Amino acid sequence: MAPKLYYTDISPPVRSVLLTAKAIGLDLDLKNVNLAAGEHLTPQYLKMNPQHTVPTLDDNGYYLWDSHAINMYLVDKYAKDDSLYPKDLQKRRKVDQRLFFNASIVQARMGAIAGPIIRQGETAISQEKIDTVYAAYDLLESFLDGHNFIAGDSLTIADFCIVAHLSSLSGLVPIAQNKYQRLSKWLHRMQQLPYYEEANQVGSDKFVGFLQSKLA
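Printed below as a string of structure tokens:
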């Protein structure tokens with residue numbers, strides 16, 4: 001039985017899981033969650049995930065949430081090899097570091113912009129928030145110095161987690177190609193993946209379009 005993924009495709013964390021699943025050839029039983037209708041707050045959903053977030057994975061009764069943890073789990077259990085999440089200790093820790101960077105920096109700065117627009121009705125992005133995004137771009141540019149991918153020379157789940165957020169974040173705070181040449185080339189490289197459009201770009205466009213419609 002295919003693992004169930006409770007999702008909404010506008011969510012960057014969800015899209016990172018969709019990218020991982022496509023990359024390893026895993027079919028997921030997708031269950032759309034209507035957040036506006038509060039489907040994530042039902043007793044049934046809270047039993048699976050008390051944090052009531054998406055994505056939530058149900059792997060035949062084993063419940064897991066947080067996209068980073070889900071991506072680690074799916075590769076460890078279902079991938080044909082460990083290339084996306086290497087078992088080599090030093091390589092894996094580097095991927096982990098980038099995942100933690102995504103959670104604490106990229107995802108957090110995306111949330112700091114999107115949250116107030118969605119929940120408090122803000123109609124502008126402050127320069128202070130824009131500057132924090134540029135600081136994140138600076139760090140990502142440095143990670144890519146001498147490397148084609150975020151955690152080294154090969155594609156990993158760190159790339160999926162970061163690109164899912166960055167594709168939306170850059171729709172609000174554009175990446176200047178002349179300043180962020182390595183980051184721009186990496187983003188283009190990710191966009192060439194055969195499953196990228198379906199797994200990430202469609203949902204990212206919806207999310208960015210929704211946020212832009214709220215901005216003055």
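Counting from 1, one number per residue, gives the positions in the sequence shown under the UniProt record's numbering.
Virtual Cβ for every residue (Gly too), placed ideally from N, Cα, C.
None of these values were measured; they are calculated from a predicted model.
Anyone know if the C-beta pair for Pro50 and Met110 falls short of 8 Å?
no
Please report how far the alpha carbon of Val163 lies from the alpha carbon of Asp58, in whole angstroms.
Cα to Cα, Val163 sits roughly 24 Å from Asp58.
To the nearest angstrom, report how far apart Tyr45 and Gln181 are at their CA atoms.
43 Å
Taking only the alpha-carbon atoms, compute the straight-line gap between Ala124 and Asn102 and give it to the nearest angstrom.
Asn102 has its alpha-carbon roughly 24 Å from the corresponding atom of Ala124.
In chain order, which alpha helix (DSSP H) runs of at least 4 residues are fully inside the region 3-46?
12-24
Using the Cβ count rule (16 or more neighbours within 10 Å means buried), how would you classify Met1?
exposed
Alpha carbon to alpha carbon, what distance is there between Arg189 and Glu197?
12 Å
Return the CA-CA distance between Trp186 and Glu122, expressed in angstroms with no decimal places.
31 Å
Strictly by DSSP, which residues pair up with Leu74?
In DSSP, Leu74 forms no bridge with anything.
Is Ala216 near Arg15, with beta carbons less than 8 Å apart?
no
According to DSSP, Asp58 sits in a beta bridge with which residue or residues?
Beta-bridge pairing links Asp58 to Lys4 and Tyr63.
Hey, could you find the ends of the alpha helix (DSSP H) Tyr180 is sitting in?
Note, Tyr180: premise wrong, no alpha helix (DSSP H); not H, not E.
Based on DSSP bridge pairs, tell me the residues matched to Gly152.
Phe149
Helix, strand or coil: which one does DSSP assign to Lys94?
helix
If we call anything under 8 Å between Cβ atoms a contact, is His165 one with Gln97?
no
Pull up the distance between the alpha-carbon of Glu39 and that of Ile10, whole angstroms please.
16 Å
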